[in-house]
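Student:
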Amino acid sequence: MDIDLNAMLPLELIFNILITAVFVVYWVTVFVILYHLTRFGIGVQPKRFAAIFLLGAVILFFASIVTYVNMDTGPFFNLLK
């Protein structure tokens, strides 16, 4: 009985799961930093830093999503097969 792992779990699906995991780790890290800046920061300055940090995190996230959507992964997967 020969089991074809590539048919059960395609390489593209594994790649998408890894990218999703990277994005989840990114947003958890952003949340932890924002939480600590707003919760434990004394005065207005840490809140301003948190707002600027959040804006930068959102811009970086959308830039990475646009880059990922426009990326041609065909040659990469052909090398791995």
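Take the sequence shown: its letters are residues 766 to 846, numbered as in our numbering.
Glycine included, each C-beta is placed from N, C-alpha and C at the ideal position.
1) Do you know whose CA, among ASN843, TYR833, LEU844, GLY839, lies nearest LEU783's CA?
2) Out of LEU845, THR838, VAL795, VAL790, point me to the one whose CA is closest to ILE817's CA.
3) From ALA815 to LEU799, what does the alpha carbon distance come to, in whole angstroms?
4) Would you mind giving the Cβ-Cβ distance between LEU819 and PRO811, rounded to the nearest angstrom? I have them listed as a contact below 8 Å.
5) Determine the DSSP secondary structure at LEU799, reduced to helix, strand or coil.
6) Judging by CA-CA distance, which residue of ALA786, LEU778, TRP792 is the nearest neighbour of LEU825?
Tutor: Inspection of the coordinates gives the following:
1) TYR833
2) That would be VAL795, whose Cα lies nearest to the Cα of ILE817.
3) 6 Å
4) Actually they are not in contact, since the Cβ atoms of LEU819 and PRO811 sit about 12 Å apart, beyond 8 Å.
5) helix
6) LEU825 has its Cα closest to that of TRP792, out of ALA786, LEU778, TRP792.
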